[in-house]
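Peer 1: Quick one: the structure is below, and I'll ask about it shortly.
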Amino acid sequence: MASPTSDIAVVGAGILGLATAFELQRRGATVTVYETGQPGQGQSAGQSRIFRHAHADPRLVDYAVTARGIWREWGELLDHELIAPDGALAIGPKVADHYALLDEHPGVDARLVDGDELRERLPVLSEYDGPAMLDATGGSIATQAAIALLSAGLGDALVHDHVLSVRQLGPQDVEVRTGTHLRHHDAVVVCAGRGTLALARGLGLSLPVESGAHVRVSFRPRGHVNSLATLQDSSGVFGEAGVYAAAAEDRSRYGVGLAADVPVGEDGTMFAPEGLAEHVQRVVAYVGRALPGLDPEPLDYVHCWVTRLPWGDDGVAVWTADDVTFIAGHNLFKHAPALGRDLASTVLDGSVPALLRPESRLGEAAAS
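FYI, the numbering for the sequence shown is 1 to 368, going by the UniProt record's numbering.
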């Protein structure tokens with residue numbers, strides 16, 4: 001267990017690494033963050049993410065409520081609203097199950113909505129007559145603002161270098177070798193996305209992560225819009241039964257992606273390199289059918305790795321090897337404030353919260 005005044009290294013300056021560093025600093029630790037490139041340019045890249053409370057695992061609904069509260073705290077501390085007020089919409093057959101879970105939860109404001117409210121919340125959407133739900137305190141996360149504001153507090157604690165290895169030498173003595181540095185820290189937290197796997201193997205851990213490659217495409221609204229709620233479409237009405245979308249903070253673009261990825265090897269080799277281009281074509285076709293309020297010409301793209309645990313798309317877990325902590329999972333941006341707090345506690349208090357241990361299989365769908 002490290003003390004509150006410990007020297008802690010964080011590997012990775014995506015949203016999870018930055019959230020962990022922020023919480024460690026708040027608890028008095030000295031922090032060094034290692035990042036190969038610019039903060040937020042790996043699996044945290046892009047101008048938006050969805051914050052939603054809906055999950056197939058009721059425990060993750062509770063966790064999302066906790067995370068939403070910390071997002072609100074961060075917004076006040078950093079003087080910047082980090083989740084848009086437009087809300088999070090879901091349409092399609094999955095609405096019934098999700099609403100049943102959310103409607104019972106005192107920390108969630110969710111309701112079924114009609115076509116009029118759909119048009120008000122998401123005016124770029126085509127006519128739709130089917131199950132629809134609004135998560136009123138969900139919405140698009142201001143990803144770039146969050147990354148920038150959290151990074152700004154690091155100053156010289158942010159080291160731009162790639163980490164080759166992490167090695168435990170003794171109690172509270174962890175060696176970190178980078179391209180141009182050799183340093184020792186009391187403890188290390190690894191939040192390095194796909195790079196986490198190799199660092200874990202160096203310490204004898206084999207994390208059960210399945211990797212993939214994903215693409216998200218942004219489109220410009222045809223005119224001014226006062227609201228761009230996030231969207232999860234499982235309906236199949238518009239030709240796809242698994243689509244998500246979220247807005248940039250200024251509503252200048254709407255990022256749309258399929259709930260699908262392209263398989264890759266452990267070393268990052270793409271087994272079907274044409275797959276991402278095919279996904280883009282499907283997204284463009286979907287936008288033409290489902291989102292006529294958007295110009296269907298792509299503005300930009302986000303290509304990123306996906307790291308998924310075998311028990312579900314929303315799965316997450318934390319592993320430790322002596323004084324080194326690892327986190328892996330998928331769809332984690334929305335939970336980052338809570339995960340950062342729990343990772344900081346893992347290091348400083350000496351144990352992984354029970355909910356985040358691999359045997360808890362957090363994110364696994366509840367048995368029906």
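No residue lacks a Cβ here, since even glycine has one placed at the ideal position from N, Cα and C.
Is the beta carbon of glycine 255 less than 8 Å from the beta carbon of alanine 241?
Peer 2: Not in contact: glycine 255 and alanine 241 (Cβ atoms no closer than 8 Å).
Peer 1: Below 8 Å on the Cβ atoms is my contact criterion, and I expect arginine 194 with tryptophan 305 to pass it. Report the Cβ-Cβ distance as a whole number of Å.
Peer 2: Right, the Cβ-Cβ distance comes to about 4 Å (below 8 Å), so this counts as a contact.
Peer 1: Verify whether the separation of the beta carbon atoms of valine 159 and leucine 102 is less than 8 Å.
Peer 2: Contact: no.
Peer 1: Do serine 227 and leucine 122 have their beta-carbon atoms positioned less than 8 Å apart in this structure?
Peer 2: Against a cut-off of 8 Å, the Cβ pair of serine 227 and leucine 122 comes out as a contact.
Peer 1: Using a Cβ-Cβ cut-off of 7 Å (strictly less than) and excluding sequence neighbours within five positions of proline 296, which residues of its own chain qualify?
Peer 2: Cβ within range, chain order: Phe219, Val284, Val287, Gly288.
Peer 1: Given this structure, state the Cα-to-Cα distance separating leucine 134 from alanine 354, to the nearest angstrom.
Peer 2: One C-alpha to the other measures close to 31 Å.
Peer 1: What would DSSP say about glycine 257, mapped onto helix, strand or coil?
Peer 2: Three-state result, glycine 257: strand.
Peer 1: Roughly how many angstroms lie between the CA atoms of serine 151 and glycine 42, to the nearest whole one?
Peer 2: Those two C-alpha atoms are separated by around 14 Å.
Peer 1: Determine which residues share a DSSP beta bridge with glutamine 232 and list them.
Peer 2: Answer by DSSP bridge pairing, in chain order: Ala90, Tyr244.
Peer 1: Skipping 5 residues on each side, what residues in its chain have a beta carbon closer than 7 Å to that of tryptophan 74?
Peer 2: Closer than 7 Å at the Cβ level, and outside the excluded window around tryptophan 74, lie Leu82, Pro337.
Peer 1: Is it the case that the segment 164 to 176 contacts the segment 305 to 314, given that we only count it when at least three CB pairs across the two stretches are under 8 Å?
Peer 2: Flag = no, the segment 305 to 314 and the segment 164 to 176 do not touch.
Peer 1: With H, G and I counted as helix, E and B as strand and the rest as coil, what does DSSP make of tyrosine 34?
Peer 2: If DSSP states are grouped into helix, strand and coil, tyrosine 34 belongs with the strands.
Peer 1: Taking the alpha carbon of glutamate 364 as the point to measure from, which residue in Gly275, Ala54, Val33 has its own alpha carbon closest?
Peer 2: The option with the nearest alpha carbon to glutamate 364 is Ala54.
Peer 1: Where does aspartate 135 fall in DSSP's three states?
Peer 2: Residue state, collapsed to three classes: strand.
Peer 1: If contacts are defined as beta-carbon pairs under 8 Å, then glycine 139 and phenylalanine 51 qualify, I think. What distance do you get, rounded to the angstrom?
Peer 2: 6 Å between Cβ atoms; contact.
Peer 1: Would you identify the three-state DSSP class for glycine 170, choosing helix, strand or coil?
Peer 2: Three-state DSSP puts glycine 170 in a strand.
Peer 1: So isoleucine 147 and glycine 17 are supposed to be a Cβ contact under 8 Å. How far apart are they, rounded?
Peer 2: Isoleucine 147 to glycine 17, Cβ: 10 Å. No contact.
Peer 1: Given a cut-off of 8 Å on the beta-carbon distance, is the pair tyrosine 99 and leucine 89 in contact?
Peer 2: No. Outside cutoff.
Peer 1: Hey, valine 189 and valine 166: beta-carbon distance below 8 Å or not?
Peer 2: No.
Peer 1: Just the Cα atoms here: how many angstroms apart are valine 65 and phenylalanine 238?
Peer 2: Between valine 65 and phenylalanine 238, the C-alpha separation is close to 31 Å.
Peer 1: Quick check: the Cα distance between alanine 198 and tyrosine 244, rounded to an integer number of angstroms?
Peer 2: Spanning the two alpha carbons is a distance of roughly 30 Å.
Peer 1: Look up phenylalanine 333 in the DSSP assignment and say whether it is helix, strand or coil.
Peer 2: Reduced to three states, the DSSP call for phenylalanine 333 is helix.
Peer 1: Going by beta-carbon coordinates alone, are serine 211 and threonine 143 separated by less than 8 Å?
Peer 2: In this structure, threonine 143 does not lie closer than 8 Å to serine 211 by Cβ.
Peer 1: Looking only at its own chain, which residues have a Cβ that is under 8 Å from the Cβ of asparagine 105, when we skip the five neighbours before and after it?
Peer 2: Reading off the sequence, residue 105 comes out as histidine, not asparagine. Correct list, in chain order: His53, Val61, Asp62, Val65.
Peer 1: Confirm, please, whether the CB-CB distance from aspartate 314 to aspartate 57 is below 8 Å.
Peer 2: Yes, the Cβ-Cβ distance between aspartate 57 and aspartate 314 is below 8 Å.
Peer 1: Please confirm if threonine 36 has its CB atom under 8 Å from at least one CB of chain C.
Peer 2: No chain C is present in this structure, which holds just one protein chain.
Peer 1: Can you list, in chain order, the residues of its chain whose CB lies under 7 Å from that of valine 262, leaving out five sequence neighbours each side?
Peer 2: So the list reads Gly212, Ala213, Met270, Ala272, Gly275, Leu276, once near-sequence residues are dropped.
Peer 1: Roughly how far, in whole angstroms, is the beta-carbon of glycine 153 from the beta-carbon of phenylalanine 22, given that I think they are within contact range, below 8 Å?
Peer 2: Right, their Cβ atoms sit about 7 Å apart.
Peer 1: Count the other CB atoms within 10 Å of the CB of glutamate 76; is the residue buried (16 or more) or exposed (fewer)?
Peer 2: Glutamate 76 is exposed by the Cβ-count criterion.
Peer 1: Tell me, to the nearest whole angstrom, how far the beta carbon of histidine 185 is from that of isoleucine 327; I am working on the premise that it is less than 8 Å.
Peer 2: Not a contact, Cβ separation roughly 17 Å.
Peer 1: Give the range of the beta strand (DSSP E) segment to which serine 252 is assigned.
Peer 2: It is not in any beta strand (DSSP E) - serine 252 carries neither H nor E in the DSSP assignment.
Peer 1: Rounded to whole angstroms, what is the Cα-Cα separation between residue 384 and histidine 335?
Peer 2: Any question about residue 384 goes unanswered here, given that the chain covers just 1 to 368.
Peer 1: Figure out for me which residue from Arg68, Ser360, Gly46 has the closest Cα to the Cα of arginine 216.
Peer 2: If we check each option's Cα against that of arginine 216, Gly46 comes out closest.
Peer 1: When DSSP labels each residue in this structure, what does proline 58 get in the three-state scheme?
Peer 2: Three-state DSSP puts proline 58 in a helix.
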